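Here the structure is laid out as structure tokens; the discussion comes afterwards.
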Amino acid sequence: MAPRDKGARAPSQRQLKVGELIRHALAEIFSRGEVVDDVIVRHSLTVPEVRMSPDLKVATCYVMPLGGGEAGDVVKRLEQHKRFLRGEVAKRVNLRHMPEIRFREDTTFEASSRIDELLASPQVARDIARDLDD
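Counting in the working numbering, the sequence shown tops out at residue 136, every number present.
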């Protein structure tokens, strides 16, 4: 998950539901290999999250190739195929208006590994031990 704006409100139940429907549809499309592109075909893609705008007109899809390689290239190629993908998602998801789809690289795994790294560092371990002794 990318960091949220500090002034942003929590998503509504409708936003969460529509986001999940789109996420499942995209995961199905990717698992079946329906996008014909040499860069995308080389990777198994995961869609950890789809965030909907409050008016449900924009779906920001966070994607990550398993293994993390060529994530930037994959996102660029998905952006090139987003019109096709929007049509395919529309066939699978029953919505009055299909939102515009945007693709972004998911950086959650990098952020969590960075936090793990920091927690494992000797300085943090020393501070934690000192706090426990007090």
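Beta carbons: idealized from backbone N, C-alpha and C, even for Gly.
Predicted, not measured: the structure shown is a model, and the values here were computed from it.
Beta-carbon separation (whole angstroms), Gly21 vs Val52, contact threshold 8 Å: 4 Å
Helix, strand or coil at Ala12 [DSSP, three-state]: coil
Any 3 or more C-beta pairs closer than 8 Å across the region 94–107 and the region 122–131: no
Range of the contiguous beta strand (DSSP E) that encloses Arg104: Glu102 to Glu107
Of the residues His26, Gln15 and Arg98, the one placed nearest Pro50, counting alpha carbons only: His26
Beta-carbon separation (whole angstroms), Arg94 vs Glu30, contact threshold 8 Å: 7 Å
Rounded straight-line distance, which links the Cα of Asp39 to that of Phe32: 11 Å
Option in Asp57, Leu58 and Val76 with minimal Cα separation from Met66: Val76
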